[in-house]
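Taken in order, these protein sequences are the chains called D and X.
Counting in numbering that gives the first Met the number 0, the first sequence runs from 0 upward without gaps.
Counting in numbering that gives the first Met the number 0, the second sequence runs from 0 upward without gaps.
A virtual CB, placed ideally from N, CA and C, is assigned to each residue, including glycine.
Everything below concerns the one structure shown next.
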Amino acid sequence: MASNETYVIPDTYQNTTPAPELDQKTLNKMVWRSLFLQGSFNYERMQSCGWLYSILPGLEKIHADNKDDLAASMSHNMEFFNTHPFLVTFVMGIVLSLEQNKVDIPTIRAVRVAAMGPLGGIGDALFWFTLVPITAGITSNMAISGNIAAPFIFLIVFNAFQFVIRFWLMNTSYKMGTGAIDMLTENAKEFTRAASILGVFVIGCLTVCYGGTKLGLVIPNGTTESYVAHTTTVPTDEVSSFTDQVYGTDGKTALTGKDTAGNAATAGITDLGNGYSEVTYMDVVSSPVTVNIQSILDGICPKLIPLGLTLMLFALMTKRRWTPIKCIGLLLAIGLVGGFIGIW
Amino acid sequence: MEFNAIQVLLVFIVGFICGIDQFSFLESLYQPIVTGAVIGLILGDVQTGLIIGGTYQLMTIGNMPVGGAQPPNAVIGGIMAAVLGISMKVDANTAVGLAIPFSLLGQYGVTLIFTIMSPVMTKADACAHNADTKGIERINTLAMIALGLVFGIICALFFIGGATFGTVISAAIPAWLMTGLSAAGGMMRFVGFAILLKVMISGELWGFYFMGFAAANIVVANTALANPALIILALIGFGIAFWDYQIQTKFKTAAPALAANGGDEEDGI
Numbered sequence: 000m001a002s003n004e005t006y007v008i009p010d011t012y013q014n015t016t017p018a019p020e021l022d023q024k025t026l027n028k029m030v031w032r033s034l035f036l037q038g039s040f041n042y043e044r045m046q047s048c049g050w051l052y053s054i055l056p057g058l059e060k061i062h063a064d065n066k067d068d069l070a071a072s073m074s075h076n077m078e079f080f081n082t083h084p085f086l087v088t089f090v091m092g093i094v095l096s097l098e099q100n101k102v103d104i105p106t107i108r109a110v111r112v113a114a115m116g117p118l119g120g121i122g123d124a125l126f127w128f129t130l131v132p133i134t135a136g137i138t139s140n141m142a143i144s145g146n147i148a149a150p151f152i153f154l155i156v157f158n159a160f161q162f163v164i165r166f167w168l169m170n171t172s173y174k175m176g177t178g179a180i181d182m183l184t185e186n187a188k189e190f191t192r193a194a195s196i197l198g199v200f201v202i203g204c205l206t207v208c209y210g211g212t213k214l215g216l217v218i219p220n221g222t223t224e225s226y227v228a229h230t231t232t233v234p235t236d237e238v239s240s241f242t243d244q245v246y247g248t249d250g251k252t253a254l255t256g257k258d259t260a261g262n263a264a265t266a267g268i269t270d271l272g273n274g275y276s277e278v279t280y281m282d283v284v285s286s287p288v289t290v291n292i293q294s295i296l297d298g299i300c301p302k303l304i305p306l307g308l309t310l311m312l313f314a315l316m317t318k319r320r321w322t323p324i325k326c327i328g329l330l331l332a333i334g335l336v337g338g339f340i341g342i343w
Numbered sequence: 000m001e002f003n004a005i006q007v008l009l010v011f012i013v014g015f016i017c018g019i020d021q022f023s024f025l026e027s028l029y030q031p032i033v034t035g036a037v038i039g040l041i042l043g044d045v046q047t048g049l050i051i052g053g054t055y056q057l058m059t060i061g062n063m064p065v066g067g068a069q070p071p072n073a074v075i076g077g078i079m080a081a082v083l084g085i086s087m088k089v090d091a092n093t094a095v096g097l098a099i100p101f102s103l104l105g106q107y108g109v110t111l112i113f114t115i116m117s118p119v120m121t122k123a124d125a126c127a128h129n130a131d132t133k134g135i136e137r138i139n140t141l142a143m144i145a146l147g148l149v150f151g152i153i154c155a156l157f158f159i160g161g162a163t164f165g166t167v168i169s170a171a172i173p174a175w176l177m178t179g180l181s182a183a184g185g186m187m188r189f190v191g192f193a194i195l196l197k198v199m200i201s202g203e204l205w206g207f208y209f210m211g212f213a214a215a216n217i218v219v220a221n222t223a224l225a226n227p228a229l230i231i232l233a234l235i236g237f238g239i240a241f242w243d244y245q246i247q248t249k250f251k252t253a254a255p256a257l258a259a260n261g262g263d264e265e266d267g268i
């Protein structure tokens with residue numbers, strides 16, 4: 000807690016001489032570690048600690064000569080991180096190439112945030128909506144018919160795909176990042192600004208896409224009256240007694256409403272020609288009305304609560320110097336009190 | 000149902016491994032199609048286990064941990080479906096139905112663990128500030144073991160207790176506590192967003208945050224775009240950022256030229 004207040008992450012590394020390129024062995028080691036990206040998953044930083052755990056072998060090599068730089072690098076890599084677990088090596092490769100070239104920390108941070116967001120959607124589409132339904136769908140049917148090979152086929156296909164992607168992305172993106180370094184350093188300030196714009200934009204998107212907090216509060220607000228149609232057959236000379244319920248107060252316009260099954264209906268009188276008439280008339284029924292607070296808020300702008308909470312926490316952290324842990328405590332209290340009085 | 004200590008231990012181990020595997024490692028060992036067969040093997044009825052596993056798996060397709068959402072827990076659900084199906088000798092679909100309350104309990108368990116783990120990140124921060132690499136490795140590993148232990152114990156207890164136990168537990172937890180906890184759990188991510196904003200935003204970039212917020216609202220309103228939403232949004236964001244980059248670099252090359260021209264004029268005067 001205290002360390003959060005006292006430790007300030009610098010903007011530049013003390014030693015800005017690029018470190019030697021990471022060897023294949025270290026890259027492979029980090030691919031294996033990336034399997035444990037979500038080992039310490041939590042709601043505050045999501046994968047951040049697992050992310051740092053995964054890239055540690057690389058960071059240790061890159062910042063081997065300067066412990067302060069290693070601390071700075073580890074500290075900024077402990078910030079909020081969330082991406083698709085199977086595609087994380089792509090972000091790892093790029094970030095490691097930037098770390099290796101000792102690029103300014105705000106630049107690395109901006110690239111990391113900009114890269115992690117879109118991968119979530121790509122990974123979901125690739126794995127959960129394509130690979131799993133196909134492999135699990137086919138092998139489930141094999142299993143239901145009692146084929147013992149089914150679980151093995153599922154595991155082999157799924158994992159072969161997963162590992163090819165993990166290793167390939169790591170190597171490709173590391174090379175890509177190193178190649179793009181010259182361009183990055185030449186216009187570093189402008190690039191950081193652009194990457195920060197994309198990053199801030201993505202956080203705005205995440206506020207909407209990941210922010211699911213909603214009010215379930217419903218307030219009763221009086222009653223409403225509506226017409227319900229009934230149809231009956233009466234002697235034609237008694238029809239006049241239904242006039243009010245067929246034509247309303249002006250005596251001309253046929254009333255419209257819904258029948259008991261909920262379908263639209265119009266009132267009217269049909270002379271059946273045998274001394275009887277079929278009359279469709281309206282009864283007035285009153286039903287309770289409720290005010291759904293969430294739908295009122297959504298009418299102003301959807302996702303106002305996630306936006307409000309994010310801005311509130313931002314204000315508490317910057318203006319009041321609240322620590323993240325204090326913010327978590329506040330949210331926990333809001334959640335539990337809210338659960339008790341029933342606003343969720 | 001008759002069972003011995005070795006079976007309880009084996010179920011514990013399956014729960015332990017799958018509890019970890021649902022988020023880390025291979026992320027496929029925990030799938031019901033696998034656990035069904037494994038539980039069947041432990042209880043001496045592989046065939047039934049396979050069939051129940053396959054049935055449960057079909058149900059979970061399309062109910063995946065997408066976009067950070069927590070579906071009913073497939074680890075506990077899959078294991079319990081196989082346990083109940085084999086011990087109570089009911090058909091596969093009934094077994095899957097009976098396992099649903101357990102999978103919901105598992106979902107609450109996950110929510111609880113993810114909430115409890117949030118404050119631990121402060122300890123991880125301290126390790127990072129001191130360049131304590133061993134500390135980070137320890138936190139990540141211990142968190143995983145804790146998750147595995149919770150799932151192993153839950154699975155073993157449910158295995159011993161069977162169907163009645165799950166219903167009793169579900170009924171004992173007040174509803175408001177569960178909704179409150181899951182609401183709080185859902186809000187924790189805003190702390191992470193706020194931290195990122197704090198480090199990335201300078202006064203002039205606020206507009207882009209609201210732009211992202213507004214653009215995302217438009218895209219998610221179209222249900223057909225629910226899955227590719229973030230890709231589309233990233234493209235919009237990229238367009239804006241790239242445009243800004245081009246303008247800023249042009250400014251940079253244009254500014255010295257302007258200054259040089261200005262200087263010439265002054266010399267002329």
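What does a CB cutoff of less than 6 angstroms around residue i pick up in its chain, not counting 5 residues either side in sequence?
i: X/Val-65; result: Residue confidence is low: X/Val-65 scores 49 on pLDDT, short of 50, so the model does not pin down where it sits. Its coordinate-derived value is still stated next. If we look at X/Val-65 and ignore the five residues flanking it on each side, it has no Cβ neighbours.
i: D/Gly-261; result: none
i: X/Ala-215; result: Leu-232
i: X/Tyr-275; result: With chain X represented from 0 up to 268, any question about residue 275 of chain X goes unanswered, as that position is not in the structure.
i: D/Ile-292; result: Leu-214 and Leu-216
i: D/Pro-19; result: none
Let me know the secondary structure DSSP gives residue i once reduced to three states.
i: D/Gly-267; result: strand
i: D/Ser-74; result: helix
i: X/Pro-71; result: coil
i: D/Pro-287; result: strand
i: D/Pro-323; result: helix
i: D/Phe-80; result: strand
i: D/Tyr-246; result: helix
i: D/Pro-150; result: helix
i: X/Ile-200; result: coil
i: X/Gly-66; result: The predicted position of X/Gly-66 is uncertain, since its pLDDT is 47 and thus under 50; a value taken from the coordinates is nonetheless stated next. Looking at X/Gly-66 - three-state DSSP - the assignment turns out to be helix.
i: D/Thr-16; result: coil
i: X/Ser-23; result: coil
i: D/Ser-276; result: strand
i: D/Asp-64; result: coil
i: X/Asp-243; result: helix
For the alpha helix (DSSP H) holding residue i, just list the boundary residues, first then last.
i: X/Pro-31; result: 31 to 42
i: D/Thr-258; result: The sequence as given places Asp at residue 258 of chain D; Thr does not occur at that position. It is not in any alpha helix (DSSP H) - D/Asp-258 instead sits in the beta strand (DSSP E) that spans 255 to 258.
i: D/Val-102; result: Run containing D/Val-102: none; DSSP gives neither H nor E here.
i: D/Ser-39; result: That residue, D/Ser-39, is in no alpha helix (DSSP H); it is neither H nor E in DSSP.
i: D/Ala-237; result: It should be pointed out that residue 237 of chain D corresponds to Glu in this sequence rather than to Ala. Where D/Glu-237 is concerned, there is no enclosing alpha helix (DSSP H), given that its DSSP letter is neither H nor E.
i: X/Gln-46; result: 45 to 59
i: D/Asn-27; result: 23 to 32
i: D/Cys-48; result: 47 to 61
i: D/Gly-298; result: 292 to 299
i: X/Ala-220; result: 205 to 220
Excluding the 5 residues flanking residue i on each side, which residues of the same chain have their C-beta closer than 7 angstroms to its C-beta?
i: D/Pro-17; result: Gln-99, Asn-100 and Lys-101
i: X/Met-79; result: Ala-98, Phe-101 and Phe-157
i: D/Ala-1; result: Confidence is the limiting factor: at D/Ala-1 the pLDDT is only 40, short of 50, which leaves the residue's position unreliable, though a coordinate-based value still follows. Result list for D/Ala-1: empty, nothing under 7 angstroms.
i: D/Gly-256; result: Ser-225, Tyr-226, Val-227, Ala-228, Ala-264 and Met-281
i: D/Tyr-6; result: Ser-74
i: D/Val-30; result: Thr-88, Arg-165, Phe-166 and Met-169
i: D/Thr-259; result: Val-227
Since residue i and residue j should fall inside the 8 angstroms C-beta cutoff, what is the C-beta to C-beta distance between them, to a whole number of angstroms?
i: D/Thr-206; j: X/Phe-192; result: 6 angstroms
i: X/Ile-51; j: X/Val-95; result: 7 angstroms
i: D/Pro-105; j: D/Asp-10; result: 6 angstroms
i: D/Gly-122; j: D/His-83; result: 3 angstroms
i: X/Ile-138; j: X/Val-109; result: Actually they are not in contact, since the Cβ atoms of X/Ile-138 and X/Val-109 sit about 18 angstroms apart, beyond 8 angstroms.
Which bits of chain C does residue i rub up against, with CB to CB less than 9 angstroms?
i: X/Pro-71; result: Among the protein chains of the structure shown, namely D and X, there is no chain C.
Please list, in chain order, all residues of the same chain as residue i whose beta carbon is under 8 angstroms from its beta carbon, the five residues on each side excluded.
i: D/Ala-345; result: Because chain D in this structure spans residues 0 to 343, residue 345 of chain D falls outside the shown range and cannot be described.
i: D/Gly-38; result: Cys-48, Gly-49 and Tyr-52
i: D/Ile-327; result: Glu-43
i: X/Ile-135; result: Ala-123, Cys-126 and Ala-127
i: X/Gln-245; result: none
Identify the continuous beta strand (DSSP E) that holds residue i and give its terminal residues.
i: D/Asn-220; result: 217 to 234
(request) Identify every run of the alpha helix (DSSP H) within the stretch 63 to 137 of chain X, keeping only runs that are complete inside it and at least 4 residues long; order them along the chain. (result) 73 to 87 and 91 to 128
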